[in-house]
Amino acid sequence: MASSSEPKDWQSYPQNLSSITSYDHEYDLRSYSTQLRDDSIRLFIDPTDSVNLKTVHIGEKANEALVESRLQLEDYLQNLDLDDGLHIILIPQQGSWGRLVIDERSIKQTLTRLEVFPRFLDILRSFGQRVGFEDDSAGGVFLRNNEERCTHEASYLVKLVEEHGRIESTEPWSIRQMGVYHRKSGESGNAFIILNPSRSFLRRLKYMQEDPDRISPGAKSRAQLTKVIESQEPSFSLDDIRIEDAQEIQVLQDKCQQLAHVLDLNCELLRQLRKHLDRISASRSCAESLVSLLSESTIHVKRADRLLKRLDGTIALTQKILDFRCLASLQHSSGSMEKLARLTRDDNLMMKELTEKAARDTDAMRWITFLTLIYLPASFVATMMGMNYISVRTVNGGFSINFAGEFWIFFFLTGVLLVITLITYYIYIRRARLRGTCDSKSRKIGKEESVSTQ
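First residue of the sequence shown: 1, per UniProt numbering; consecutive thereafter.
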């Protein structure tokens, strides 16, 4: 049923749905309202910022419009006829992990006008700013049929692989997600809310707008899912990979596991949509398209599983190679240690020989010292006697010792030279001590300056 009135009581969404249908018996509307209010800063732009939406209507003819203010959005919602053709509301995102370019007031007005069931909020909360570790495991499909109002609702989160365009990254692909809400009312009324539409989906939508007569009620969903399946093909291009170490292979395996999980989520999504279409008696072509997409997704899942098995084998082979290299390194290290031990043993033998020679030299020096003790006094006496400073004469059966008159010169010169030698030695020792004291003070000052600089 069409309505041209402004969405009423939108501030309390989704609690305001209790006056429209029996949602309050199926869902905890108060809890959903609290969660939406708590996540509003993370999910939506500030009220002072401008919205940036795009609306598409495909009926007798296709037309689209940009919504850049809240007044334009309110006017669009007032004139929205849900039973007339296909209506699409595209809500982009500020970057891959940015906020949706719509404020809390506008999203509540939109969801109230379309009477969106609360489970769509579970899909909505998967977007917005990232506040923790990135998790690509979120997914799911939520369906609801209202026989009394002849409406069928479906909301789901699809995963796709898309080029991110970051030059500094070596991996050109990233996992993206797109949220979809679909409301079918009557025979020809279809309304979609697309969160974070992908570039490939927008190209497909533009192509569909060029020939609206060929668009069936299920073609929109098929276009979304077809682009998801097609976008996953390039992610298997692994021809030029060079496996250098086990760490790089582990990172590659983690990416493949993420991709396999995304494919499993999409396969489950297709199965649930197929059951949903069977319940609402959709066209045969739509069901066949979903079967074809499910078959393609299943093939991709099998390819991912095979790739993971090959990676397991590669990891095992790489680990064995690393083990062999470690063993070879250990053997090389053992050989080097053996050589060092041999050299150490040779050094010890050489030191032993040197010690024995030193001991023999010590014995020789001991004998030389002993002989010197005898030789030096005798040599001194012989020198003195040979210089005639001392003469011994025999007188009347005895002997007398006579000292030469110049003998005192010998003692005088010896004493002077001894004093000069002692003074020179004292001066040398004193200067050496002063020099050592100055050097230690300069080193201490340098250390203090370096510590203060640090």
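Just so you know, even glycine gets a beta-carbon here, dropped at the ideal spot from N, CA and C.
Give the range of the alpha helix (DSSP H) segment to which residue 60 is assigned.
Careful: residue 60 lies outside any alpha helix (DSSP H) and carries neither H nor E.
Rounded C-beta distance between residue 44 and residue 102? I'm assuming under 8 Å.
6 Å
Should residue 235 go down as buried or exposed, given a rule of 16 or more other Cβ atoms within 10 Å for buried?
With a pLDDT of only 45 at residue 235, under the threshold of 50, the placement of this residue in the model should not be trusted, and no figure is reported.
Any contact between the segment 382-402 and the segment 365-374? By contact I mean 3 or more CB pairs, one from each, below 8 Å.
no
CB-CB under 6 Å to residue 240, same chain, minus the five flanking residues each way: which ones, in chain order?
Confidence at residue 240 is low in this model, with a pLDDT of 39, below 50, so the placement of that residue is unreliable and no value is reported for it.
In this structure, does DSSP put residue 173 in helix, strand or coil?
Residue 173 sits in a strand when the DSSP states are folded into three classes.
For residue 310 versus residue 294, is the C-beta distance shorter than 8 Å?
no
Which residue comes first and which comes last in the beta strand (DSSP E) that contains residue 88?
86-91
Taking the straight line between their C-alpha atoms, what separation do you get for residue 31 and residue 178?
24 Å
In DSSP terms, what residue 478 is bridged to:
With the chain covering only 1 through 454, there is no way to say anything about residue 478.
Go through its chain and collect everything with a Cβ distance to residue 12's Cβ below 7 Å, but skip five positions before and after it.
33
Per DSSP, what kind of secondary structure is residue 182 in: helix, strand or coil?
strand
C-beta atoms of residue 99 and residue 129 nearer than 8 Å:
Cβ distance < 8 Å, so residue 99 and residue 129 count as in contact.
Give the secondary structure of residue 44 by DSSP, where H, G and I count as helix, E and B as strand, and everything else as coil.
strand
Under the assumption that residue 86 contacts residue 196 (Cβ atoms under 8 Å), give the Cβ distance between them as a whole number of angstroms.
In fact, because the Cβ distance is near 20 Å, the residues do not count as touching under 8 Å.
Given a cut-off of 8 Å, decide if residue 304 and residue 267 are closer than it, judged by their beta-carbon atoms.
no
Using only the alpha-carbon positions, how far apart do residue 262 and residue 160 sit?
8 Å
Pair within 8 Å by beta-carbon distance, residue 57 and residue 154:
no
How is residue 117 classed by DSSP in three states: helix, strand or coil?
coil
Residue 111 - DSSP class collapsed to helix/strand/coil
helix
Is it true that the CB of residue 73 sits closer than 8 Å to the CB of residue 53?
yes
Can you give me the Cβ contacts of residue 441 inside the same chain, cut-off strictly under 7 Å, excluding the 5 residues immediately before and after it?
none
Span of the beta strand (DSSP E) holding residue 96?
No residue range can be given for residue 96, since it is assigned to no beta strand (DSSP E) and is classified by DSSP as neither H nor E.
Short of 6 Å in beta carbon distance, which residues of its chain neighbour residue 193, apart from the five on each side in sequence? Order them along the chain.
Counting only residues of its own chain and dropping the five nearest sequence neighbours on each side, residue 193 has a CB closer than 6 Å to the CB of 89, 181.
Could you check which residue in 146, 142, 198, 117 has the C-alpha nearest to that of residue 163?
198
Can you tell which of 209, 410, 321, 399 has the C-alpha that lies nearest to the C-alpha of residue 387?
410
From which residue to which residue does the alpha helix (DSSP H) around residue 210 run?
From DSSP, residue 210 is part of no alpha helix (DSSP H); its letter is neither H nor E.
Pull up the distance between the alpha-carbon of residue 345 and that of residue 425, whole angstroms please.
45 Å
Excluding sequence positions up to five away, which residues of its chain have a Cβ less than 6 Å from the Cβ of residue 209?
62
Closest Cα partner of residue 165 within the set 174, 158, 157:
174
Pick helix, strand or coil for residue 128, following the three-state DSSP scheme.
coil
Taking 7 Å as the limit between beta carbons, can you name the residues of its chain near residue 439, skipping five residues before and five after?
Hits under 7 Å: none found.
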